[in-house]
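*Asks:* Chains as they are written, first to last, in numbering that gives the first Met the number 0: chain Y, 0 to 278; chain S, 0 to 146; chain U, 0 to 267; chain E, 0 to 339. Think of the CB as a built atom: it goes at the ideal place given N, C-alpha and C, for glycine as much as any other residue.
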Amino acid sequence: MIEELRQKARELLEKGEVDLVIGYGEGSDPTRTMPVFIRRPEDCDRLVWNKYCYNNLTSYLTWPELKTAGKPAVVCKGCDAKAVVVLCKESQINREDVVVIGMSCEGVGEPLLGKCEFCDVRTPKNCDIVIGPEIEPLSKEKQYEDVEQLEGKDAADRWEFWRDQFSRCIKCYACRQACPLCYCTQCIVERNQPQWVPTSSHPKGNFAWNIMRAMHLAGRCIGCGECERVCPSNIPLMLANKKLAQVVKEQFGYESGYDIDEPLPMASFMPEDSDELFK
Amino acid sequence: MADNDWKPKIIAFVCNWCTYAGADLAGTSRLKYDVNVRVIKLPCTGRIDPLFIIKAFEQGADGVLVSGCHPGDCHYTSGNYHARRRWIVFSQLLRFFGIPEDRVQFSWVSAAEGAKWADLVNEVVGKVRELGPFTAYHEIESAEAIS
Amino acid sequence: MRLEEVIDEAPGIRTLKLAFQDEAAGENFSFKAGQFGLYSVFGEGECTFCIASPPTRKGYIECSFQEVGRVTNALRQLEVGDTLGFRGPYGNWFPLDEMKGKNIIFVGMGIGLAPVRCVIWNCLDLRADFSDITIIVGSRNVDLLPYKPELKQWEEMSDVNLVKTVDPGGETPDWDGKVGFVPTVVEQLAPSPDNAVVIICGPPIGIKFTLVSLEKLGFSPDQVYTTLENKMKCGLGKCGRCNVGNVYVCKDGPVFTAAQIRALPQEF
Amino acid sequence: MAEFKLNRDKLGELVKALKGEGYRVVAPVEQERTFVFEEVDDPGEIRLDVLRTKRSIKGWFFPRVEPTLSYEFDGQSVTCKSDLPESPPKTVIIGCRPCDAASLPMLDKLFDWDYRDEYWFKRREATTVISVACDAPDSYCFCTSVGGAPDGTAGADLVMKKTSSGDYLLEPATEKGTAIVEAAKSALDPATGNEEILVGEVPQRFDLGAVKPWLDDNFDHEYWKEISYKCLSCGVCAFVCPTCHCFDIQDESTLERGVRLKSWDSCCLPIFTRHGSGHNPRSTRDTRYRQRVMHKFTYYVDKFGVTACVGCGRCSAACPIDMNICTVVAGAAKLAETST
Numbered sequence: 000m001i002e003e004l005r006q007k008a009r010e011l012l013e014k015g016e017v018d019l020v021i022g023y024g025e026g027s028d029p030t031r032t033m034p035v036f037i038r039r040p041e042d043c044d045r046l047v048w049n050k051y052c053y054n055n056l057t058s059y060l061t062w063p064e065l066k067t068a069g070k071p072a073v074v075c076k077g078c079d080a081k082a083v084v085v086l087c088k089e090s091q092i093n094r095e096d097v098v099v100i101g102m103s104c105e106g107v108g109e110p111l112l113g114k115c116e117f118c119d120v121r122t123p124k125n126c127d128i129v130i131g132p133e134i135e136p137l138s139k140e141k142q143y144e145d146v147e148q149l150e151g152k153d154a155a156d157r158w159e160f161w162r163d164q165f166s167r168c169i170k171c172y173a174c175r176q177a178c179p180l181c182y183c184t185q186c187i188v189e190r191n192q193p194q195w196v197p198t199s200s201h202p203k204g205n206f207a208w209n210i211m212r213a214m215h216l217a218g219r220c221i222g223c224g225e226c227e228r229v230c231p232s233n234i235p236l237m238l239a240n241k242k243l244a245q246v247v248k249e250q251f252g253y254e255s256g257y258d259i260d261e262p263l264p265m266a267s268f269m270p271e272d273s274d275e276l277f278k
Numbered sequence: 000m001a002d003n004d005w006k007p008k009i010i011a012f013v014c015n016w017c018t019y020a021g022a023d024l025a026g027t028s029r030l031k032y033d034v035n036v037r038v039i040k041l042p043c044t045g046r047i048d049p050l051f052i053i054k055a056f057e058q059g060a061d062g063v064l065v066s067g068c069h070p071g072d073c074h075y076t077s078g079n080y081h082a083r084r085r086w087i088v089f090s091q092l093l094r095f096f097g098i099p100e101d102r103v104q105f106s107w108v109s110a111a112e113g114a115k116w117a118d119l120v121n122e123v124v125g126k127v128r129e130l131g132p133f134t135a136y137h138e139i140e141s142a143e144a145i146s
Numbered sequence: 000m001r002l003e004e005v006i007d008e009a010p011g012i013r014t015l016k017l018a019f020q021d022e023a024a025g026e027n028f029s030f031k032a033g034q035f036g037l038y039s040v041f042g043e044g045e046c047t048f049c050i051a052s053p054p055t056r057k058g059y060i061e062c063s064f065q066e067v068g069r070v071t072n073a074l075r076q077l078e079v080g081d082t083l084g085f086r087g088p089y090g091n092w093f094p095l096d097e098m099k100g101k102n103i104i105f106v107g108m109g110i111g112l113a114p115v116r117c118v119i120w121n122c123l124d125l126r127a128d129f130s131d132i133t134i135i136v137g138s139r140n141v142d143l144l145p146y147k148p149e150l151k152q153w154e155e156m157s158d159v160n161l162v163k164t165v166d167p168g169g170e171t172p173d174w175d176g177k178v179g180f181v182p183t184v185v186e187q188l189a190p191s192p193d194n195a196v197v198i199i200c201g202p203p204i205g206i207k208f209t210l211v212s213l214e215k216l217g218f219s220p221d222q223v224y225t226t227l228e229n230k231m232k233c234g235l236g237k238c239g240r241c242n243v244g245n246v247y248v249c250k251d252g253p254v255f256t257a258a259q260i261r262a263l264p265q266e267f
Numbered sequence: 000m001a002e003f004k005l006n007r008d009k010l011g012e013l014v015k016a017l018k019g020e021g022y023r024v025v026a027p028v029e030q031e032r033t034f035v036f037e038e039v040d041d042p043g044e045i046r047l048d049v050l051r052t053k054r055s056i057k058g059w060f061f062p063r064v065e066p067t068l069s070y071e072f073d074g075q076s077v078t079c080k081s082d083l084p085e086s087p088p089k090t091v092i093i094g095c096r097p098c099d100a101a102s103l104p105m106l107d108k109l110f111d112w113d114y115r116d117e118y119w120f121k122r123r124e125a126t127t128v129i130s131v132a133c134d135a136p137d138s139y140c141f142c143t144s145v146g147g148a149p150d151g152t153a154g155a156d157l158v159m160k161k162t163s164s165g166d167y168l169l170e171p172a173t174e175k176g177t178a179i180v181e182a183a184k185s186a187l188d189p190a191t192g193n194e195e196i197l198v199g200e201v202p203q204r205f206d207l208g209a210v211k212p213w214l215d216d217n218f219d220h221e222y223w224k225e226i227s228y229k230c231l232s233c234g235v236c237a238f239v240c241p242t243c244h245c246f247d248i249q250d251e252s253t254l255e256r257g258v259r260l261k262s263w264d265s266c267c268l269p270i271f272t273r274h275g276s277g278h279n280p281r282s283t284r285d286t287r288y289r290q291r292v293m294h295k296f297t298y299y300v301d302k303f304g305v306t307a308c309v310g311c312g313r314c315s316a317a318c319p320i321d322m323n324i325c326t327v328v329a330g331a332a333k334l335a336e337t338s339t
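Structure below.
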């Protein structure tokens, strides 16, 4: 697969179809990879593909620095490619302005990351080029098991669980920076009139930050899990994201990252949406 | 503060066109309702950011009430429809994080429903009074965080 | 400190006169022209401004600010009698002792006139110590020109040469000053570099181009002083925010000569 | 030389003895699949074998959030109270690595120059640091390239060195360290002098002497853009770093009272230098990443005579995109070599 990837990337650059290829390169350790930006066909041999290709490289697509870099091609796993769908829907990129190279993927990490156990996009969708064999999707039946497990506890326990988790947050914002869908030029925590979210990483500030981060991803999160992976405190951020994905699916029948034409759930409505909550 | 001195603090975020008018009607109709609610008027429920609720708790609220026009009656046509989706999701998130459901109440109160407003406030205040002060949230005060 | 007086200078620009609540502290307080302080609105935070009143006038200090962010907004809400926090004075100062007997050219652009104003009054209060005094003030438009009553005062002084200018398009029908960008006006005015020093402050871009003009006129970078307004938090050389190259602007600055600035990485 | 040793099974007794003397004991413990320094109740939790905790010990001297001033409103007047702790608890940190300990004297210089930061120094005085020499450094380690050593003593009051039998030899480096040995004597055994000490090797990865001159001359070099295009601009590197010390000051308040907080900040975050006007002197990620490297490897040297990096490798290990500071600096050293 690596050779095929390099070959394709080389072709794209040689033909001038793209100006740069964003892919994975060799990391500082055999169990890591590092994003590489390749501009010359002869550098395409730096591209690698292995089970340590964690990063969701689509998060680079919305960067201001990239606006002047020409047309990019981006190497994506199936999960990552979902972000392209959302970015297009939210008018952050034009689909035709990026070439998506999808990689068939049997999961990343050693042991496999949690998200890979319920992956239905092992053969990536919505890509311009797919490299690698067709791989059967896995069942998503049990994907919310961890969410349900926490829900089984009573409110006070859940509160305690999250309070302890969030108290470890150091507000480094790696979750935000790594997220392909956190592309706001000015994040809500950087707005200080009024200061909506306390900037300090004390438990109260952390709670406000994490609840807002999750809420802003409602109906948008594509489940790539980068936020959780990059968190230096190992806070289970995906639990909250998954909970919201579950709510959105149950209530509005929407799953993020699949259909480029379906309206965004949090920017649309149906008159017959549930009124159960309201007195 | 001794427990028997405690009065619940309820913040109500209401829309200008329906619920605020409804609350007004409750007043002009001389309906009596609990005084522990502080009303904040906004143009529309669509304007109410989930952050408002968080901020209210941060600043010491024990309960929050959000209310606007009935679906279909929005002054801006669809503001409350959007708000409805937002609250459906947000209430689930709050629940997931262990914030008691009775501390946050969402409702629709029209300009004609002064009595409903009074009842609603009484009910919310009653429930929050039962729950007691929201110390769980207030105690995660800006404590020193070490490493 | 207690807010004594509020003066609206221009749209969005305000001067606050502050008195010490503790009189003894007020009497012991001294500073030098060019130093700054951290003013705090309790509940909102701290903000860094130079002290805009001259050290020759005791018992109070003034600061001028443009409303841009959280704290300046809160400062604007304050009413006479309110309490403010003040830390300072911090940083270095303009070496007025070395400037004695020299011609002094002041250049203040927009709100950048505030730190320059402090030095102007300081020099005017000690007028005999200095030779010719030229003041060049510029702003985007007439409305935004701060310290209008003082400009009038300076204009009327026989021993001060005041030049006012506004950017092209910013003039009004009854504007009696020049029209043109400050660097251009400086070049037209062509002050002699002999026995002269320049004290300049304004937006980074304005300073940059004025320095070029001054160089053309034969000023050496050692003759030109400016004050850098970096984002600062602690004022004590610790928090690292104002760090540019190997200096902490809050300790090693804010006053630098053009020569020193040139040696720094261009990150301000 | 070491007079005493700690039997590998007697760590619990040591902790107990220290607690008995009124010390608060802080040591590496596991927390959600990472290791951090926490106050220890159960000595069984202590993980002296952990090479790299996620965050350094700096938080125990310079907390990530710290109140500096509290105030109460009363009409137009405000009553203020300093939050400087009178006497911070007497603390002993057990099991940090020599690189972490070395960061302390390095930061002393910053917190002492011109204005002495009592928040830092009161905790410094109240705290005894026991480091454990590294017997098994890994590929992220580069202490030897920045003047440290896997068995370095800088900043440590007492150094514990692992022996081939799994015990630890105790070498006091300061009076505070000697006091610890005194306090914990009941848990210690005399050293025989025949113990075989295990100290790992950390290869030198770059020539520090060549780095600074190159950095001084190459502020505008293409290299910065080239290496930092992939930087996410998050703050992980600074927050896990033992020497990154930049902080923010923010007020938080209600209608009745407020507090002024000092909290960690990072030069890699875009908002760090953004002015109120919107002007940002470091608006791009390459300028911010460059600032991080420059501040450590040249500005700090100019100002305080030491390099503000101890080679612990934390930022490299924690970086979401595998930015390795050792590789970056080694790259600069290499450029320095080729340019001369």
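Can you give me, in chain order, the residues of the stretch 201-227 of chain Y that have a beta carbon less than 8 Å from any beta carbon in chain S?
*Replies:* H201, P202, K203, G204, F206, A207, I210, M211, A213, M214, A217 and G218
*Asks:* Over what stretch of residues does the alpha helix (DSSP H) that includes V347/E continue unbroken?
*Replies:* One cannot answer for residue 347/E here, as it falls past the ends of chain E, which runs 0 to 339.
*Asks:* What residues in the stretch 53-71 of chain U bring their beta carbon closer than 8 Å to a beta carbon of chain Y?
*Replies:* G68 and R69
*Asks:* Along the chain, which unbroken stretches of the alpha helix (DSSP H) at least 4 residues long are found entirely within the stretch 73-134 of chain U?
*Replies:* Qualifying alpha helix (DSSP H) stretches, in chain order: 95-98 and 112-124.
*Asks:* Using a 10 Å radius around the Cβ and a threshold of 16 neighbouring Cβ atoms, would you call L254/E buried or exposed?
*Replies:* The residue is exposed, with fewer than 16 neighbouring Cβ atoms inside 10 Å.
*Asks:* When DSSP builds the beta bridges, which residues end up paired with C46/U?
*Replies:* Beta-bridge partners of C46/U (DSSP): Y38/U.
*Asks:* Taking T173/E as the reference, which of D188/E, A155/E and K184/E has the closest Cα?
*Replies:* A155/E
*Asks:* From which residue to which residue does the alpha helix (DSSP H) around Y136/S run?
*Replies:* T134 to H137 is the span of the alpha helix (DSSP H), which, as asked, contains Y136/S.
*Asks:* Between which two residues does the alpha helix (DSSP H) holding T67/E run?
*Replies:* Boundaries around T67/E are those of the beta strand (DSSP E), V64 to D73, since no alpha helix (DSSP H) includes it.
*Asks:* For a cutoff of 8 Å on Cβ pairs, would you count V188/Y as touching chain S?
*Replies:* no
*Asks:* Quick one: give me the first and last residue of the alpha helix (DSSP H) that D247/E is part of.
*Replies:* D247/E -> not in any alpha helix (DSSP H); beta strand (DSSP E) instead, spanning F246 to S252.
*Asks:* Identify the continuous alpha helix (DSSP H) that holds V146/Y and give its terminal residues.
*Replies:* Counting along the chain, the alpha helix (DSSP H) containing V146/Y begins and ends at E144 to E150.
*Asks:* Near I187/Y, what residues of its chain come up, given a Cβ to Cβ distance below 7 Å and the 5 sequence neighbours on each side ignored?
*Replies:* W195, V196 and M211
*Asks:* In chain U, which residues lie with their C-beta within 8 Å of the C-beta of Q185/Y?
*Replies:* What Q185/Y touches in chain U: nothing, since even the nearest Cβ is about 13 Å away.
*Asks:* By Cβ distance, which residues of its chain are closer than 6 Å to E65/E, with the 5 residues on each side in sequence left out?
*Replies:* K261
*Asks:* Out of G146/E, P97/E, H294/E and K89/E, which has the shortest C-alpha to C-alpha gap to A125/E?
*Replies:* K89/E
*Asks:* For the candidate residues D221/U, N140/U and A23/U, whose alpha-carbon lies nearest to that of W174/U?
*Replies:* N140/U
*Asks:* Hey, does V269/E have any beta-carbon neighbour from chain U nearer than 8 Å?
*Replies:* Before going further, note that residue 269/E is Pro rather than Val in the sequence given. No - not a single Cβ of chain U is within 8 Å of the one on P269/E.
*Asks:* Any beta carbon from chain U within less than 8 Å of L340/E's own beta carbon?
*Replies:* Residue coverage of chain E in this structure runs from 0 to 339, which leaves residue 340/E outside it and unanswerable.
*Asks:* Is I187/Y helix, strand or coil when you go by DSSP?
*Replies:* If DSSP states are grouped into helix, strand and coil, I187/Y belongs with the helices.
*Asks:* Can you find a CB in chain S that lies within less than 8 Å of the CB of Q250/Y?
*Replies:* yes
*Asks:* When DSSP labels each residue in this structure, what does T14/U get in the three-state scheme?
*Replies:* strand
*Asks:* Ignore the nearest five residues each way along the sequence and tell me which others in D124/U's own chain have a CB closer than 8 Å to its CB.
*Replies:* P53, T55 and R56
*Asks:* Give me the chain U residues within the contact set of F238/E, using Cβ-Cβ distance strictly less than 8 Å, ordered along the chain.
*Replies:* The premise fails here: F238/E is roughly 14 Å from chain U at the closest Cβ pair, so nothing lies under 8 Å.
*Asks:* Would you say C171/Y lies against chain U (beta-carbon separation less than 8 Å)?
*Replies:* Residue contact with chain U for C171/Y: absent (no Cβ-Cβ distance below 8 Å to any residue of chain U).
*Asks:* Which class does R256/E belong to by DSSP, given the choice of helix, strand or coil?
*Replies:* strand
*Asks:* Locate the alpha helix (DSSP H) running through F110/E, then write down its first and last residues.
*Replies:* P97 to D111
*Asks:* Opposite Y23/Y in the DSSP bridges: which residues?
*Replies:* P34/Y
*Asks:* Could you say if the stretch 292-308 of chain E and the stretch 321-330 of chain E meet the contact criterion of at least three C-beta pairs nearer than 8 Å?
*Replies:* With the cut-off at 8 Å, the stretch 292-308 of chain E and the stretch 321-330 of chain E touch.
*Asks:* With distances taken Cα to Cα, identify the nearest neighbour of G69/Y among T32/Y, P110/Y, G15/Y and N54/Y.
*Replies:* G15/Y
*Asks:* What is the residue span of the alpha helix (DSSP H) that C314/E lies within?
*Replies:* R313 to A317
*Asks:* Using 10 angstroms around the beta-carbon of P148/S, count the other beta-carbons present and answer buried if the total reaches 16, otherwise exposed.
*Replies:* The structure shown has nothing for residue 148/S, since chain S only spans 0 to 146.
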